[in-house]
Every structure is written in structure tokens, then in C-alpha cells.
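If you're matching positions, the sequence shown starts at 0 in numbering that gives the first Met the number 0 and goes up one per residue.
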Amino acid sequence: MTSEVEQKPRRTVILSAAKDLYSPFGPDTYEQLQRSFAALRMTESGSETLYTLFSRCDMFDGNRRLQVMRIFVGLFVFLGWAGFVFGAEGPAAPTGLRCEYLSNPMGIDVQKPRFSWVLHHTERAQMQTAYQILIAGSTEGLGRDEGDVWDSGKVDSSDSTQVIYAGKGLSSGRTYYWKVRYWDTAGSASPYSASAQFEMGLLSREDWKGQWIEGNLLRKEIDLEGRIVRARAYVTALGYYELRINGEKVGRNVLDPAFTTYPKRVLYTTYDVTRRLRGGKNALGVMLGGGWATLGRRFFDPEVGPYYKAPALLLQVNIEFEGGKTVSVASDGSWKATQGPIVSDSVYDGEVYDARREQPGWDQPGFDDSAWSATQTVEGSKGVLSAQMMPPIRVVDSMVPRSIASPRPGVFVFDMGQNMSGWVQLRVQGPAGTQVTLRFAELVYPDGMINRENLGEAKSRDVYTLKGQGEETYEPRFTYHGFRYVEVTGFPGTPSLDSLRGRVVHTAVGAAGSFVASKQILNDIQRLIHWSQLTNLFSIPTDCDQRNERQGWMGDAQATAEEAMMNFDMAAFYANFIRDIRDAQFPDGSLPDTVPRKYGGVPGDLGWQTAYPLLCWTMWQQYGDRRILEENYDALKKYVAFLRSHAQDNVYRLHWEGDWVELAHTPGDYIGDVWYYYDVTLFAKMAQILGKSDEAASYGQLAGQVKDALNRTFFDAHTDNYANGTQTANAMALALDLVPKEHREAVQRSLTDDIVYGHNTHLTTGFIGVKFLMPLLTSLGRSDLAYDLAVQTTYPSWGYMVERGATTLWELWQDKVGPAMNSHDHIMFGSVGAWFYNALGGINLGPESVGYQHIRIAPQIVEDLDWASASVETIRGTVSLSWNHSSGVITLDVTVPVNSDAEVVVPPEVQMTDVVIREGDRVVWENGRYVSGDPGVEAATQDGKKVVFHVGSGTYSFRLTGGE
Ligand code: BGC
0 MTSEVEQKPR RTVILSAAKD LYSPFGPDTY EQLQRSFAAL RMTESGSETL YTLFSRCDMF
60 DGNRRLQVMR IFVGLFVFLG WAGFVFGAEG PAAPTGLRCE YLSNPMGIDV QKPRFSWVLH
120 HTERAQMQTA YQILIAGSTE GLGRDEGDVW DSGKVDSSDS TQVIYAGKGL SSGRTYYWKV
180 RYWDTAGSAS PYSASAQFEM GLLSREDWKG QWIEGNLLRK EIDLEGRIVR ARAYVTALGY
240 YELRINGEKV GRNVLDPAFT TYPKRVLYTT YDVTRRLRGG KNALGVMLGG GWATLGRRFF
300 DPEVGPYYKA PALLLQVNIE FEGGKTVSVA SDGSWKATQG PIVSDSVYDG EVYDARREQP
360 GWDQPGFDDS AWSATQTVEG SKGVLSAQMM PPIRVVDSMV PRSIASPRPG VFVFDMGQNM
420 SGWVQLRVQG PAGTQVTLRF AELVYPDGMI NRENLGEAKS RDVYTLKGQG EETYEPRFTY
480 HGFRYVEVTG FPGTPSLDSL RGRVVHTAVG AAGSFVASKQ ILNDIQRLIH WSQLTNLFSI
540 PTDCDQRNER QGWMGDAQAT AEEAMMNFDM AAFYANFIRD IRDAQFPDGS LPDTVPRKYG
600 GVPGDLGWQT AYPLLCWTMW QQYGDRRILE ENYDALKKYV AFLRSHAQDN VYRLHWEGDW
660 VELAHTPGDY IGDVWYYYDV TLFAKMAQIL GKSDEAASYG QLAGQVKDAL NRTFFDAHTD
720 NYANGTQTAN AMALALDLVP KEHREAVQRS LTDDIVYGHN THLTTGFIGV KFLMPLLTSL
780 GRSDLAYDLA VQTTYPSWGY MVERGATTLW ELWQDKVGPA MNSHDHIMFG SVGAWFYNAL
840 GGINLGPESV GYQHIRIAPQ IVEDLDWASA SVETIRGTVS LSWNHSSGVI TLDVTVPVNS
900 DAEVVVPPEV QMTDVVIREG DRVVWENGRY VSGDPGVEAA TQDGKKVVFH VGSGTYSFRL
960 TGGE
């Protein structure tokens with residue numbers, strides 16, 4: 000049984016979480032602390048910064064960490080209060096300055112970067128009427144309000160996102176400083192924002208002076224004369240690298256660079272190393288791992304072997320001295336190489352590390368490397384070198400194990416309490432040569448031993464050989480695991496909970512959304528989605544994180560993109576992945592199942608290939624990214640041409656996965672054909688958006704023909720079913736508006752009858768069908784039924800996973816633990832997360848709107864739910880809704896960002912007559928009519944039993960009451 004959460008609207012959650020932290024009865028364990036903080040984190044975006052700060056306090060354990068945390072929260076609450084009390088009237092300085100979706104990016108290679116900012120104002124219903132951007136080559140210049148690189152002047156425009164740079168040419172390697180101000184509805188100017196910056200990467204191939212070099216451990220000493228004023232390292236590898244300068248690791252990225260189709264494109268990272276280098280002797284040291292570049296394992300596609308035999312490095316350090324002299328140090332044949340302590344490394348199999356082979360001082364100047372050999376220069380990748388413009392993979396948190404057991408003598412099994420991605424840090428003391436083996440698993444057998452049957456061929460283990468010098472700390476560099484349990488064998492003595500720390504690793508995307516509701520099972524599912532999503536972000540969206548796959552399966556990616564974008568700040572990540580998809584396109588326009596292509600069918604199943612148009616479309620919808628549509632238009636057109644060339648009489652029949660992991664089989668040719676229709680429809684819309692009306696018309700026409708052919712082929716007008724009448728079959732047809740009008744109601748009935756009577760309110764879909772089904776039910780006015788499915792706890796359901804102890808979503812609806820395919824951390828069923836935000840949380844894009852310019856707040860107040868609270872950091876700022884329903888009263892607390900507006904749909908209380916709606920203290924609806932006068936509330940209309948308010952930006956508190 001799950002307990003219901005007490006009623007706690009958003010602000011109260013923050014306050015009570017803060018109170019919890021201070022109270023003498025507050026959290027005294029790390030876990031409780033994390034939980035309190037999770038509540039904070041889930042409700043207030045600002046707390047994310049604090050959270051990040053807090054999670055960096057790895058050096059503190061227990062109470063110390065608690066104290067630090069308390070100070071942070073205190074500061075947060077104080078600053079919030081001070082801002083509230085002392086804040087000035089009118090338009091406030093813009094915040095949240097982004098360049099190419101990133102804040103203060105270092106190393107971008109876009110000649111015309113795009114900017115966005117978030118607006119604030121003390122009054123409601125405020126828009127931006129004009130803006131001015133200043134970009135300067137120095138902070139001093141910007142301080143004097145001199146935009147020597149670009150002064151946009153006052154531009155009369157409401158654009159506060161996707162604003163394209165229009166200044167002079169930007170130079171390789173230079174840093175630019177920028178700020179922005181805006182004019183509000185009344186024409187008053189805001190103060191300028193705080194200054195932000197962006198830095199260009201190396202813009203042309205000629206800027207690269209080095210060569211690719213191979214080796215395991217690489218070093219180079221350099222002698223620098225003069226005072227260094229600026230130094231940048233540009234680094235990439237075929238595989239993974241760790242760069243060290245003068246004995247210290249540079250930056251906090253791990254498993255860098257991103258997994259790409261290396262022969263076509265390699266991504267480099269830019270680091271500011273000014274303070275790492277000094278006049279005189281310096282040492283550069285690099286460790287290399289194979290990563291995805293050398294991984295030879297394949298699935299069933301013999302063509303995709305390892306990209307390269309050995310990992311390789313490409314590096315360049317550009318140094319500027321006082322007086323203007325510049326020096327470049329690059330990877331080349333003058334570097335020295337040797338075999339380091341990493342004996343072997345593999346993404347799937349783990350790392351073998353022999354600490355006895357460490358060579359202390361190897362990454363410091365003055366080290367005797369006479370025994371090292373010269374490095375081999377190799378051809379490396381001839382592909383494009385692009386800047387890595389997305390959040391890096393990082394260790395984002397440390398976890399204290401929950402428990403430790405010893406099911407057999409000498410075998411210790413640690414339980415992290417959470418299925419996670421990453422590795423563990425081992426602390427150990429013992430004689431030299433002792434070998435400690437760490438094996439990772441998602442599951443345990445009833446006797447407490449780890450169950451690794453579902454890992455496929457992944458060995459997923461790290462082996463550490465001690466050097467025997469006091470306490471030794473080890474964590475691997477070039478692998479990762481998906482696990483909840485860690486088996487430790489060979490440990491000298493008995494390990495304690497302090498012998499291991501879980502290191503949570505994934506692409507470090509920021510949080511964007513929170514969703515909490517009064518029904519606990521929903522919060523549990525949300526927690527599983529959160530974890531499954533994050534643990535499947537490793538520079539590409541992966542299917543799973545544990546077995547020998549971890550691939551960019553495109554079907555999984557398209558199914559969960561909306562959910563991911565509501566929960567996390569995903570824009571830069573998907574922008575990168577879309578380019579990866581383009582890189583993987585075959586000459587005939589088709590796409591593989593996985594990107595970069597390693598596994599899967601060729602061409603991919605359409606539910607997988609369709610990730611290309613769908614992700615472009617979702618970027619357009621969520622972020623208003625027109626450039627994505629422009630850049631991919633031609634390649635998408637080729638893709639549609641491929642589909643067309645394989646369709647016979649306008650029916651596309653190629654298929655492979657269909658509705659993957661389904662319970663009732665839906666014919667794959669039908670599903671493939673629906674995707675064909677969907678893709679053509681989207682493409683026609685894109686053509687329209689880009690002003691290509693002729694193409695829009697001809698693809699629109701094609702879509703019509705495909706639809707007719709589909710109905711002729713797959714619709715049975717006698718039984719009112721599509722294909723074989725499964726939930727997936729009928730849901731897809733209804734969701735994409737394929738059903739002839741006169742049959743709509745009947746097909747709807749086929750669908751809902753199948754759910755309710757055919758399957759006792761359970762799903763039979765796989766992950767393809769369910770993505771359509773949930774929002775469809777809401778659009779049919781059956782949120783009640785969608786809700787019943789969402790909170791279901793018997794098999795098959797999300798709640799069933801929770802009840803069975805899952806801490807991440809499973810690959811299958813079934814609870815399987817054997818050797819077959821059954822990952823316990825797949826994100827693909829997580830698409831329901833988008834439905835949480837849209838339906839229960841009420842946050843939607845306005846009709847025909849993109850990027851949250853127009854918002855539709857329309858909570859589905861289902862009977863069993865007392866309240867729900869959702870908030871999303873959109874590209875235009877915070878959109879949030881907390882609603883509360885008790886007998887005769889509905890309240891809605893709404894936030895609409897400046898420069899946006901919203902329709903707020905207040906649903907009726909059942910059987911309510913004489914409804915009165917107040918906003919704050921004012922009546923805004925009475926006697927069936929809108930009452931004007933409340934600032935920001937511009938109009939209201941009745942839509943059936945609902946009242947729809949049109950509001951400008953600001954925060955509103957609606958309260959509906961009425962006699963029964
Ligand atoms: C992956 C899935 C993927 C599927 C398609 C599986 O092995 O884990 O998530 O979409 O294959 O074939």
C-alpha cells in the first residue's frame with residue numbers, strides 16, 4: 000500500500016523542507032537530508048544551484064555535510080526574502096543569459112550564435128517591446144556599455160529567445176562578453192543584465208596544429224618563458240582521455256569526449272588552463288582509454304566493428320604571454336608514451352588497474368621519462384572537429400551505501416539503495432599485490448548474492464591491485480556501470496560502509512521541471528523516471544546503462560524526448576544528438592536503429608528512424624528552434640524520399656520492432672505505415688514554417704494520400720478497429736487523427752472498452768503505443784481513465800514496478816530477472832512523465848505556439864487527486880501551476896513568465912452551480928460572466944463547463960467556489 004502525501008502546495012513544500020533542515024528533529028541521516036533536499040530541488044529552480052554546490056561537498060561526510068547544507072539553505076532563503084523586500088519596481092534586469100542554450104559556454108563553433116534571456120517585472124501582463132544586446136571584447140568595455148563587437152541598438156522586437164548574432168565576424172579562440180536589457184510594455188527600460196560570456200573554439204581545421212597520437216600514458220614537458228596571461232587547452236580523443244597538467248586533472252569532465260560517429264565527427268572540449276601553467280617547466284600528461292572508439296563487440300550487424308584499434312589523442316594548448324607572444328603546444332611525435340597502471344579498460348567490461356604500476360610524478364615536470372618510448376602518430380579521424388556544445392558527463396553526486404551484507408565468507412555485497420549509473424570509489428588498505436574485485440549488478444538472488452544474468456556479455460567489473468602504501472583510494476576512469484549492488488571480493492579484512500562511495504555519473508544536464516501530486520504512487524513513478532532518464536544520458540540518449548548495449552536506440556529517444564525536456568534542460572543535448580543522427584544518415588536517406596550506428600537494423604524500424612523528424616519537431620515546439628528545422632530540412636527531405644520510394648501504393652510496409660515490448664501484438668506493417676503518415680505530416684508542417692509553401696502543399700497532399708491508403712488498408716469499418724484492434728493500433732490512429740469522422744466515436748469505444756473491459760483497466764501496449772495512448776485519452780476527455788492506468792499497481796503498470804521495489808523503470812512490463820532481455824533501467828516507458836506535466840500538472844504549450852510564448856494551463860482534475868504541483872523552467876522562464884481541490888473549492892496558483900501569456904482553464908467542480916471565481920481578493924467570474932478589473936486578467940470565456948481566463952505574465956491565485 001502506498002500512503003497519500005499530505006496536502007502541500009509548492010511554497011509550503013519549500014518552506015517545510017527548509018524548516019526540516021533546521022529543526023532539531025530534522026534530518027540526521029544523509030538519506031533524510033537528501034530527501035528533504037530533493038523536495039526543495041523539485042520545487043524551486045534556484046535550489047538546483049545550491050544542490051550542485053552541496054553535492055560538490057564530497058569531502059564532507061555526515062554532520063559536516065549537514066552543517067554546510069544548512070548554511071546554503073539559509074543563504075538561499077535569506078536572499079529570496081531580501082530580493083522580495085528590497086526589489087525595485089518595474090522591469091528588472093534579465094537573467095538566465097544563454098548562448099546556444101548554454102550559460103557562459105567555452106569553445107563554441109557557431110559563427111552566428113543565438114542568445115536568450117529570461118525577463119522579470121514587478122507588474123503583471125508585461126511583454127518585451129524592445130531589447131538591446133551589447134557584446135564587447137573585454138569586460139572593461141562592456142562595463143562602460145560599449146558594444147565594440149556588436150551593439151544591436153534598440154531593436155523593436157518581442158524576441159527574447161533564439162536571437163541571432165548580427166555583429167562582425169567572431170574570431171577563433173576569443174572570449175566575448177555580453178549583456179542585455181529590455182523595454183517593457185510601457186516603454187521603460189530595464190537595467191542591463193549581469194554580464195555573461197561566450198568563447199569561440201577553433202573555427203577552422205588550420206587552427207589545429209597537432210597530430211593524432213596513440214598511447215596509454217602520454218607525457219610532454221614544456222618550458223615557458225614569460226608571464227602567461229591566457230592559456231586554453233583544446234582536447235579530444237578517439238576513446239576517452241584524462242588530461243593532467245603539473246600533477247592535476249584538468250576540469251571535471253569524465254568519459255570525454257562524447258560518443259560520435261568518430262570517422263565523421265569528433266568533438267573537442269575547451270579548458271581554461273591559464274592558472275595551471277607557470278613560467279618555466281611544465282608537464283602535460285594524458286591517460287587514454289578506448290571508450291566507444293575501440294569497442295569491438297557487436298550485436299548482429301557484422302559491418303560495425305571497432306572504429307579504431309587503439310585510442311588516440313589530439314590536443315593543443317594555446318598560450319598567450321604578456322607582451323603578445325603566443326605559443327602552441329600540440330600532440331605530435333615528440334610526446335613520450337608508456338603503459339600506465341590501467342591494464343585494460345572497456346565500457347562494458349570495466350577497468351583493471353594495477354596501482355603497483357603507477358609512476359609517481361609522471362605528470363609533473365622533472366620526471367625521468369628516459370625509459371618511455373616515442374609516441375606513434377596515426378591518421379586518427381579525418382572527420383570534422385566540432386566543439387562539444389552540451390553539458391559534459393560528470394560525477395554529479397556521491398552516495399553512501401545503504402547496507403552491506405556478507406552472503407558468503409569473503410563476499411561482501413553493498414546495496415546502494417538506488418539503481419544508478421557510474422562507478423564506486425574504493426577505500427582500502429592492505430599489502431601490495433592484493434587484488435580487490437568489484438562486480439556490479441542491478442539485482443540480487445534471494446540468498447543475497449548478486450544476480451548478473453541480465454547483463455548480457457558485459458563483464459561489468461573493476462579490479463584494483465593494491466600498491467600497499469597506507470590507505471589507497473581508487474575509482475575507474477574509462478568505464479561505467481549500471482548497478483544498485485556491488486559485490487566486493489578479495490578485500491583485505493572486512494570492509495565497512497566507508498569502504499565504498501557510489502559515484503553517480505551521467506551527462507550533467509540541469510534540472511528543469513518538478514512534478515509532485517497528492518497520490519504517492521505518482522511521485523514514486525516520477526522518481527523512477529527521473530533516475531532512469533538521467534542514468535541514460537551519456538552524451539547520447541541510451542537505452543540502458545548496464546548490459547552490453549547502452550546504445551543510442553532511436554525509438555527510445557523519440558518516445559521520451561518530451562518527458563526529458565520537461566524534466567531537464569535538454570536543448571543543447573538534443574541539438575547535438577540531432578546532428579549525430581544527420582551524421583549517421585545513409586546515402587539513400589534512411590537511418591539506422593541506433594545513432595551512432597553500432598547495433599540494430601538497417602534501415603531502422605520506422606519507429607526508430609522517426610526520431611529524426613520527431614526530435615527536430617520537439618526542439619521546435621519546446622524551444623522554438625527554427626535553426627534546427629533549417630539545418631535539417633534537406634536531410635529530412637531525403638529521409639521522406641526514402642520512405643516514399645519504399646511505399647507501395649502509398650503504404651509503407653517495412654518493419655522490424657513494431658510496438659516493442661508489447662503485451663498484445665500489433666502488426667508491424669500497420670505501425671510502420673502510421674509512422675510514414677506522421678513523418679510526412681510533420682515534414683509538410685516544417686516546410687510551411689520555413690516558408691516553403693509549394694513543398695508544404697505537395698507534402699500535405701502526399702500525407703492525405705497516405706492517410707487514405709492507410710484507412711483503405713488497415714481500417715475495418717465493420718468492427719471499428721485498426722489493424723487487429725489492439726490498444727496501440729486504435730490509439731495511434733485516433734491520436735494522429737486518421738479516423739474518418741463518422742467512426743471516431745466508435746473507434747474510441749473500441750479502445751476504451753479494450754482497456755476497461757478487455758483488460759480490467761490495464762495496458763497491453765509496448766513503449767510505442769503507450770506514448771500515444773496517455774495524451775490521447777486526455778484529449779478525448781478521458782483523463783480519468785488515463786489516471787487509472789497511471790496509478791495502477793498491478794501487472795502490467797508503472798506502479799507494479801514500484802511495488803516490486805524498482806528504483807528505475809524496467810525494460811519490460813514483466814518482472815523478469817533471468818538471462819533474457821530484461822534491463823532494470825530503461826527509460827522508454829518514461830514517456831508517461833510528459834503526461835504528468837501536461838495533464839495532471841496542467842502545463843502545455845498554447846495552441847499553435849512554440850517555446851512557451853503562449854501557454855495553456857489546463858489541469859485535469861481527476862476525482863482521486865486532491866492536488867498536484869508542477870513547474871518547468873522553460874526557455875522563457877518559469878511556468879508553474881499548483882492546484883488544489885477539495886469539496887466545493889478549486890484553487891490554482893499559476894506563474895506565467897514575462898513576455899508570455901496564458902490561457903488558464905479552470906475546470907468545474909462537479910455539479911457546481913453559481914460559480915464564483917476570485918483571483919486574489921477580486922472576483923473575476925460571477926453570474927456566468929467575466930468581471931473585469933483584475934490586473935493581468937484580460938478576458939474570460941466559458942467553454943462548456945470550464946472557464947478559460949486569458950492572462951498576461953505574472954503570478955495568480957485563482958479560487959473557484961460555489962454552492963452545490
Ligand atoms: C534495446 C531497446 C531497443 C530495442 C530495439 C533493445 O535491445 O534495449 O531499448 O529499442 O532493442 O531493437
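Beta carbons: idealized from backbone N, C-alpha and C, even for Gly.
Note that the coordinates shown come from a computational prediction; the quantities given were computed from them, not determined experimentally.
Per-residue burial, residue i [other beta carbons within 10 Å of its own, 16 or more giving buried]
i, result
"Ala-716", "exposed"
"Asn-759", "exposed"
"Pro-359", "exposed"
"Ile-163", "exposed"
"Tyr-484", "buried"
"Phe-957", "buried"
"Thr-793", "exposed"
"Val-888", "exposed"
"Tyr-851", "buried"
"Gln-387", "buried"
"Gly-279", "exposed"
Three-way DSSP call (helix, strand, coil) for residue i in this model
i, result
"Met-800", "helix"
"Ser-822", "coil"
"Tyr-479", "coil"
"Ile-539", "coil"
"Ala-311", "strand"
"Pro-612", "helix"
"Phe-1046", "Outside the shown range of the chain, which is 0 to 963, sits residue 1046, and nothing can be said about it."
"Lys-518", "coil"
"Glu-630", "helix"
"Glu-241", "strand"
"Gln-813", "coil"
"Val-326", "strand"
"His-119", "strand"
"Asp-892", "strand"
"Tyr-352", "strand"
"Ser-881", "strand"
"Thr-680", "helix"
"Ile-860", "coil"
"Ala-805", "coil"
Among the options, nearest to residue i - alpha-carbon criterion
i, options, result
"Pro-907", "Val-895, Ala-696, Trp-924, Thr-894", "Trp-924"
"Ser-189", "Asp-648, His-120, Leu-169", "His-120"
"Leu-737", "Ser-345, Lys-219, Leu-775", "Leu-775"
"Phe-835", "Pro-858, Leu-133, Asp-568", "Pro-858"
"Pro-602", "Ala-610, Asp-592, Tyr-611", "Asp-592"
"Arg-123", "Val-905, Ala-570, Pro-896, Ala-939", "Pro-896"
"Gln-375", "Phe-197, Gln-700, Leu-313", "Leu-313"
"Pro-340", "Trp-361, Val-914, Gly-146", "Trp-361"
Expected contact under 8 Å - CB spacing of residue i and residue j to nearest Å
i, j, result
"Lys-178", "Ser-192", "5 Å"
"Asp-1050", "Trp-655", "Since the first residue shown for the chain is 0 and the last is 963, residue 1050 is missing from the structure and cannot be characterised."
"Ser-115", "Gln-161", "7 Å"
"Asp-217", "Val-285", "The sequence shown places Leu at residue 217, rather than the Asp named in the question. Contact holds; Cβ gap of about 4 Å."
"Ile-392", "Phe-537", "6 Å"
"Arg-502", "Gln-424", "6 Å"
Near the ligand MN: residue i beta-carbon under 8 Å from a heavy atom
i, result
"Gly-829", "Within the structure as shown, the ligand MN is missing, the only ligands being the ligand BGC."
Alpha helix (DSSP H) runs wholly inside the region 716 to 803, at least 4 long, in chain order
726 to 734, 740 to 752, 766 to 778, 782 to 790, 797 to 802
Enumerate, from N- to C-terminal direction, the unbroken beta strand (DSSP E) stretches of 3 or more residues contained entirely within the region 264 to 290.
264 to 271, 279 to 288
Would you mind listing the beta strand (DSSP E) stretches within the region 377 to 442 that are 3+ residues and don't spill past its ends, in chain order?
383 to 386, 392 to 398, 402 to 407, 410 to 427, 434 to 440
Scan the region 128 to 169 and note each continuous alpha helix (DSSP H) run of 4 residues or more that stays entirely inside, going in chain order.
138 to 142
Ordered list of beta strand (DSSP E) runs contained in the region 196 to 237, each at least 3 residues
211 to 213, 216 to 223, 227 to 237
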